[in-house]
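Asks: So the sequences go chain by chain: Z and W. Okay, so the first sequence: first residue is 1 according to UniProt numbering, each after it adds one. Okay, so the second sequence: first residue is 1 according to UniProt numbering, each after it adds one. Just so it is clear, CB atoms sit at the ideal spot from N, CA and C, and this is done for glycine as well. Quick one: structure below, then a few questions.
Number of protein chains: 2
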Amino acid sequence: MILTVTLNAALDITYQVPRFQPRRSHRVSEVLERPGGKGLNVARVLAALGHEAVVTGFAGGGTGAALRRLLAEVDGVTDALVPVVGATRRTIGVVDTGGEATQLNEPGPLITGTEWEEFTACYARLLRGAAAVALCGSLPPGVPVGSYARLIREAHAAHIPVLLDTSGEALRRGLAARPDVVKPNTDELAGLTGSTEPLRAAVDTRRRGAHAVAASLGAEGMLAVTATGAWRAAPPRRLTGNPTGAGDSAVAGLLSGLVEGESWPDRLARAVALSAATVRAPVAGEFDRATYEELLPRVKVSEQPAAA
Amino acid sequence: MILTVTLNAALDITYQVPRFQPRRSHRVSEVLERPGGKGLNVARVLAALGHEAVVTGFAGGGTGAALRRLLAEVDGVTDALVPVVGATRRTIGVVDTGGEATQLNEPGPLITGTEWEEFTACYARLLRGAAAVALCGSLPPGVPVGSYARLIREAHAAHIPVLLDTSGEALRRGLAARPDVVKPNTDELAGLTGSTEPLRAAVDTRRRGAHAVAASLGAEGMLAVTATGAWRAAPPRRLTGNPTGAGDSAVAGLLSGLVEGESWPDRLARAVALSAATVRAPVAGEFDRATYEELLPRVKVSEQPAAA
């Protein structure tokens, strides 16, 4: 079983409007609701790849109930979310015919000390059956900023590898606990290290504590810097579409490859093919299986100069 | 008791964002949820004026449950909403520091034939105790477009006066059943009659079936054309603020004045003062009582030439 942690899960709502303009009133022509938050997306992709996935984190209020009902419909994903009094946040994407979505993200619910302790007890129980753990996304209010470091240490004490996918201070603090893999994008790498050169920034991020860095480079693929070498993986062609969830699919590719004992070049190829297949899917956050299977053997992986 | 009908009730969500721009991602700094839909707003103002108000219509799903929880906190308003399988729609207003809100309105739930019959039975029961009825807002999918005419006829059979506040085809069809009062704004008047001259359009609307027309003229006040005369009522000064709910407060003013046996000029003055006090309230859809009490004796009501 692979465990994914989403402390700030969301009810993900997509509105289709004919032509979105600020300061106007719009009739929404289509409403789509999905269980949201990075770790939930990762779990859905893991399940589609044939892995048993368990999700934990927090859910509360009417929005939390709606999220759990939708999650129950996803095959292969087990709901181990911890109930809280506050309401799960909504994230709203407004999509029209042209260009990128407009995104409105509510703040998360306030997590009490009691709820946080209930979560850590639940996490300790779930670790016993886990082959790997992914810690994903932002921290809701009330959760201590150093929490990812604590969760990483507990997983390591149980000899379970951890992937950390977060940003800002939560990432910076998490690195101190030496996660096995971090998956920043180029913005997060630059924010952390001050460098906009990905290889240099990834090497620097390893120095700050991560055993391996798998950085997503958007449409150009991924770059990994590990203890045994460095690789770049690129899709065979540039793919256009909706990038929502592409990073989460990459995490699922890295984790499933890790659990299956694949080499780093193979894990990277899988992550890049899944990412690209997500960009090509008609629904945001899903991946297109035919595209994935077509791309997987054609991802170009090249060794990078061993940067000191 | 005054009965208000909101067939397309909504969970009304307001998002405060620092600076709203399309095609960007925004962190919402403040989330406000209220029971929404015109008839619910009318009932809240009626209750604040000391009237017993009962709301009916439809509520369903997690959003409907959230709406009912919020409604239970409003003193003086009784919830007689009919449960439905479909989910109550959300209406989202995005507010930033400058100018008007950006509004996103979901479509309503699909109402089944069985649910519609349950509603009409509930409506017939509630009519027995009602001194007046307001039929407010749009029709959700599945409700026959001629429904307001049917509801008006049933109220008249029970000798209960009816105010109709809707637009488009629902208004056009409703007029055929001769409602006691309609409250269009200038856009709705123009859509109905083709005339942008309010007095002419109001006279025309009476000819199409309404016993009285009380048209809202925005910041300029209101115009009434009735069987016994025509009046214009204007606030003593122009008031700026958030116009959300101002029309619903005007409906509450007209209805409460009707039930209390006030003259048309006094009803109009009350409606205009409540409307203006709503524009001045810090929270959208509430009214500022001090402003209301200050304005009420100072609204200027002038008789209009009896238009044939």
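Give me whichever residues DSSP pairs with Z/Tyr15 in a beta bridge.
Replies: For Z/Tyr15, which the question treats as bridged, DSSP gives the partners Z/Val31 and Z/Val94.
Asks: Since Z/Arg270 and Z/Ser256 are thought to touch, with beta carbons under 8 angstroms apart, how far apart are those beta carbons, to the nearest angstrom?
Replies: Sure, about 7 angstroms apart at Cβ, within 8 angstroms.
Asks: When we look at the beta-carbon of W/Leu81 and count the other beta-carbons within 10 Å, is it buried (16 or more) or exposed?
Replies: Counting Cβ neighbours within 10 Å, W/Leu81 comes out buried, since at least 16 surround it.
Asks: For chain W, is any of its Cβ atoms less than 8 angstroms away from the one on Z/Pro22?
Replies: Taking Cβ atoms only, chain W reaches closer than 8 angstroms to Z/Pro22, which makes this a yes.
Asks: W/Pro107 versus chain Z: which residues are under 8 angstroms apart at the beta carbon?
Replies: Arg27, Val28, Ser29 and Val31, listed in chain order.
Asks: Mind checking who residue 359 of chain Z pairs with in its DSSP beta bridge?
Replies: With chain Z covering 1 to 308 only, the question about residue 359 of chain Z has no answer from this structure.
Asks: Considering just the uninterrupted stretch of the beta strand (DSSP E) at Z/Asn105, what are its terminal residues?
Replies: Here the beta strand (DSSP E) through Z/Asn105 covers Thr102 to Asn105.
Asks: To which residues does DSSP link W/Pro83 through a beta bridge?
Replies: Answer is W/Ala59, bridged to W/Pro83.
Asks: Hey, how far is the Cα of W/Gly261 from the Cα of W/Ala87?
Replies: Roughly 39 angstroms between the two C-alpha positions.
Asks: Pull up the distance between the alpha-carbon of Z/Ala43 and that of W/Asn185, whole angstroms please.
Replies: For Z/Ala43 and W/Asn185, the distance between alpha carbons rounds to 51 angstroms.
Asks: Could you give the DSSP three-state label for Z/Val143: helix, strand or coil?
Replies: The answer is coil: DSSP assigns Z/Val143 none of H, G, I, E or B.
Asks: Using beta-carbon positions only, say whether Z/Val181 and Z/Ala202 come within less than 8 angstroms of one another.
Replies: Not closer than 8 angstroms, so no.
Asks: Taking CB distances under 8 angstroms as the criterion, tell me whether Z/Val94 reaches chain W.
Replies: Z/Val94 counts as touching chain W.
Asks: Work out the CA separation of Z/Thr112 and Z/Met1 for me, nearest whole Å.
Replies: C-alpha separation (whole angstroms): 29 angstroms.
Asks: Assign W/Leu296 to one of three DSSP states: helix, strand, or coil.
Replies: W/Leu296 falls in the helix class under three-state DSSP.
Asks: Do you know how far the Cα of W/Ser195 is from the Cα of W/Ile160?
Replies: Cα to Cα, W/Ile160 sits roughly 31 angstroms from W/Ser195.
Asks: Could you tell me if Z/Ala227 is buried or exposed, where buried requires 16 or more neighbouring beta carbons within 10 angstroms of its beta carbon?
Replies: Classification for Z/Ala227: exposed.
Asks: For Z/Leu110 and chain W, any beta-carbon pair shorter than 8 angstroms?
Replies: It does not: the Cβ of Z/Leu110 has no partner Cβ on chain W nearer than 8 angstroms.
Asks: Just the Cα atoms here: how many angstroms apart are W/Gly60 and W/Arg153?
Replies: Roughly 27 angstroms separates the two Cα atoms.
Asks: In terms of residues, what are the limits of the beta strand (DSSP E) holding Z/Ala233?
Replies: Here the beta strand (DSSP E) through Z/Ala233 covers Ala230 to Ala234.
Asks: What's the call for Z/Lys183, buried or exposed, on a 16-neighbour Cβ count within 10 Å?
Replies: Label assigned to Z/Lys183: buried.
Asks: Thinking W/Leu104 and Z/Tyr15 are a contact (beta carbons under 8 angstroms), I'd like their distance in whole angstroms, please.
Replies: Contact flag correct, Cβ pair sits at about 6 angstroms.
Asks: When DSSP labels each residue in this structure, what does W/Val283 get in the three-state scheme?
Replies: In the structure shown, W/Val283 sits in coil (DSSP, three-state: anything other than H, G, I, E or B).
Asks: Hey, could you find the ends of the alpha helix (DSSP H) Z/Thr114 is sitting in?
Replies: Element bounds for Z/Thr114: Gly113 to Leu127.
Asks: Which partner residues does Z/Gly211 have in the DSSP bridge list?
Replies: As written in the sequence, residue 211 of chain Z is His, which differs from the Gly given in the question. Answer by DSSP bridge pairing: none, since Z/His211 is not bridged.
Asks: Does the Cβ-Cβ distance between W/Leu223 and W/Ala250 come in under 8 angstroms?
Replies: Not closer than 8 angstroms, so no.
Asks: Using the C-alpha atoms, what's the distance from Z/Pro305 back to Z/Thr278?
Replies: So the alpha carbons of these two residues sit roughly 30 angstroms apart.
Asks: Which one or two residues does DSSP pair with W/Thr78 in a beta bridge?
Replies: DSSP, once it has assigned bridges, lists W/Val54 as partnering W/Thr78.
Asks: Whose C-beta lies closer than 6 angstroms to the C-beta of W/Ala121 among residues of the same chain, with five residues either side of it excluded?
Replies: None.
Asks: Tell me the rounded alpha-carbon separation between Z/Ile92 and Z/Ile13.
Replies: Cα to Cα, the separation comes out at about 5 angstroms.
Asks: Compute the Euclidean distance between the alpha carbons of Z/Arg69 and Z/Thr63, then round it to the nearest angstrom.
Replies: Looking at the two C-alpha atoms, the distance is approximately 10 angstroms.
Asks: Applying a beta-carbon distance threshold of less than 9 angstroms, which residues of chain W neighbour Z/Tyr15?
Replies: The answer, in chain order, is Ile92, Leu104 and Glu106.
Asks: Pull up the distance between the alpha-carbon of W/His51 and that of W/Arg23, whole angstroms please.
Replies: Straight-line Cα distance between these residues: approximately 46 angstroms.
Asks: Can you tell me the Cβ-Cβ gap for W/Leu139 and W/Leu7, rounded? I've got them flagged as a contact below 8 angstroms.
Replies: Indeed, because the Cβ distance is near 6 angstroms, the residues count as touching under 8 angstroms.
Asks: By how many angstroms is the C-alpha of Z/Leu189 removed from the C-alpha of Z/Ala308?
Replies: Bear in mind that a pLDDT of 48 at Z/Ala308, under 50, signals an unreliable position, so the model cannot answer this.
Asks: Can you check DSSP and say which residues form a bridge with Z/Val251?
Replies: None; Z/Val251 has no bridge partner.
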